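A short worksheet on the structure shown next.
Encoded structure:
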């Protein structure tokens, strides 16, 4: 997950300052990985704990992870902060309360400032993210729901909760959100003024599925990881992102609009409908080149020794969709990588093409890493070493942002 957020402060001149508020919930220990991921990504994390939280987890844990003092009391003479709630509030770029109890949510909704955490929130102009965690009955109580609605109306970002097994042993809503959900919201908020702010990016992902009969289909080995990484990276640089995705097993990215498709024709139609409004179209999907010319109405029985399928060409999405937007394609090749990629670049009139050798066992389809060569329409070639796909995504977006900046100046 470090790769997910390591670029989210590209436009910052210094590492972002994040206040992590931890309140008296049994889920308090789940704030530890949140603090760890943010710290590893380079953020300065100042933890404020309520007194109740210290009954569930030691302040020393957070100090060891963040390398910074943990604030608990309103006035601590030995602290590096003069007046805690004022100095912390002024320094913060973002406040995250995770977990947030019903009690703290109620106090914030009413503007009550009787502890350091609530005082800091009220004294700060920074955005606030709240991840509730509590008993299902407490969460579903109309008072708690009203309080959450008040906070949302005041632009607090509410993450979760999830439904599942609770500390009481019961099932229901109230479980602390997954760490990646909280981190994704943080990335999106801190990247809001990035180099793709106010840009609309359309990304396609996954391998299309072309049906043979009601239970079988033709597909490929694409996992969708590269396309999803591109969608998340563009989001974290301030872009509005639409992801057109074929079926995958991946977690759906937070803060990204999604259109689900299955076949190449569905992907073509969805992409064609949205591309005219885009500033850039990034076709990371592995779209089937052929599909069965007819689909059996019923399941084909295993009777004959041989089965012959007649295939027909699918619509070439990149070649078909034109417009005043940056067009980025991918070339997954097993031979003559650069020659085939350059041919595709010019044949389809692309601005960029990303080529990778699918015979490499440590990269490409299904892997978390990728080794690619990026070629632009001006003939520039950038061969990247083996990198996590999220880093590859940012390298691609660096070039997309540069194209868009030049176009804006022109």
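In my numbering, the protein residues as written are 815 to 1224. Positions of the beta carbon are idealized from the N, C-alpha and C atoms, including for glycine. On a predicted model such as this, the values are computed, not experimentally measured, just so you know.
Best match in the options for proximity to residue i [C-alpha to C-alpha]
i: residue 1172; options: 1147, 1166 and 1189; result: 1147
i: residue 976; options: 913, 1063 and 1112; result: 913
i: residue 1027; options: 1111, 1135 and 852; result: 1111
i: residue 966; options: 943, 979, 987 and 1040; result: 943
i: residue 1081; options: 1071, 1128 and 1121; result: 1128
i: residue 1182; options: 979, 1039, 1161 and 1166; result: 1039
i: residue 1045; options: 1020, 1032, 1033 and 956; result: 1020
i: residue 1204; options: 1192, 1184 and 1133; result: 1184
i: residue 904; options: 852, 1193 and 937; result: 937
i: residue 1061; options: 1092, 1077, 995 and 876; result: 1077
i: residue 1064; options: 983, 867, 994 and 1152; result: 994
i: residue 1004; options: 1200, 830 and 1196; result: 830
i: residue 1241; options: 1157, 1220 and 1041; result: Absent from the model: residue 1241. The displayed extent of the chain is 815 to 1224, so no value can be given.
i: residue 1138; options: 1192, 1221 and 907; result: 1221
i: residue 857; options: 867, 906, 961 and 1069; result: 906
i: residue 850; options: 842, 876, 868 and 866; result: 876
i: residue 848; options: 867, 866 and 880; result: 880
Span of the alpha helix (DSSP H), counted from its first residue to its last, around residue i
i: residue 876; result: 873-880
i: residue 907; result: Counting along the chain, residue 907 falls outside any alpha helix (DSSP H), and DSSP gives it neither H nor E.
i: residue 1162; result: Careful: residue 1162 lies outside any alpha helix (DSSP H) and carries neither H nor E.
i: residue 886; result: It is not in any alpha helix (DSSP H) - residue 886 carries neither H nor E in the DSSP assignment.
i: residue 858; result: From DSSP, residue 858 is part of no alpha helix (DSSP H) but of the beta strand (DSSP E) over 858-863.
i: residue 937; result: 930-937
i: residue 853; result: 845-854
Beta-bridge partners of residue i, as assigned by DSSP
i: residue 1197; result: 1187
i: residue 977; result: 987
i: residue 1144; result: 1168
i: residue 1138; result: Paired residues: none, contrary to the question.
i: residue 1202; result: 1183
i: residue 914; result: 946
i: residue 1210; result: Residue 1210 pairs with nothing; no bridge assigned.
i: residue 971; result: 943
Residue i versus residue j - alpha carbon distance
i: residue 845; j: residue 946; result: 12 Å
i: residue 1095; j: residue 1118; result: 45 Å
i: residue 959; j: residue 941; result: 20 Å
i: residue 1188; j: residue 1100; result: 17 Å
i: residue 832; j: residue 1123; result: 58 Å
i: residue 1115; j: residue 1149; result: 37 Å
i: residue 1002; j: residue 1030; result: 39 Å
i: residue 1043; j: residue 1214; result: 15 Å
i: residue 981; j: residue 1130; result: 52 Å
i: residue 837; j: residue 1014; result: 38 Å
i: residue 1051; j: residue 1108; result: 43 Å
i: residue 1166; j: residue 1144; result: 9 Å
i: residue 1125; j: residue 1102; result: 11 Å
i: residue 896; j: residue 873; result: Below a pLDDT of 50, predicted positions are generally treated as unreliable, and residue 896, at 48, falls in that range; no measurement from the model is reported.
i: residue 924; j: residue 1085; result: 46 Å
i: residue 911; j: residue 1010; result: 28 Å
i: residue 1105; j: residue 1073; result: 21 Å
i: residue 1207; j: residue 1047; result: 6 Å
i: residue 1186; j: residue 862; result: 43 Å
i: residue 1120; j: residue 1024; result: 20 Å
i: residue 902; j: residue 1218; result: 38 Å
i: residue 1000; j: residue 1067; result: 13 Å
i: residue 951; j: residue 989; result: 12 Å
i: residue 992; j: residue 972; result: 13 Å
i: residue 974; j: residue 948; result: 11 Å
i: residue 1071; j: residue 1210; result: 20 Å
i: residue 888; j: residue 919; result: 19 Å
i: residue 968; j: residue 834; result: 19 Å
i: residue 953; j: residue 840; result: 15 Å
i: residue 1135; j: residue 1089; result: 8 Å
i: residue 932; j: residue 864; result: 9 Å
i: residue 852; j: residue 1133; result: 41 Å
i: residue 1141; j: residue 1007; result: 23 Å
i: residue 963; j: residue 922; result: 12 Å
i: residue 1157; j: residue 1191; result: 11 Å
Limits of the beta strand (DSSP E) - the one that residue i falls within
i: residue 946; result: 942-946
i: residue 926; result: Run containing residue 926: none; DSSP gives neither H nor E here.
i: residue 957; result: Not the beta strand (DSSP E): residue 957 falls in the alpha helix (DSSP H), residues 956-967.
i: residue 832; result: 831-836
Problem set entry | Ordered list of alpha helix (DSSP H) runs contained in the segment 1061-1132, each at least 4 residues | 1078-1088
Problem set entry | Ordered list of alpha helix (DSSP H) runs contained in the segment 989-1068, each at least 4 residues | 993-1004 and 1039-1049
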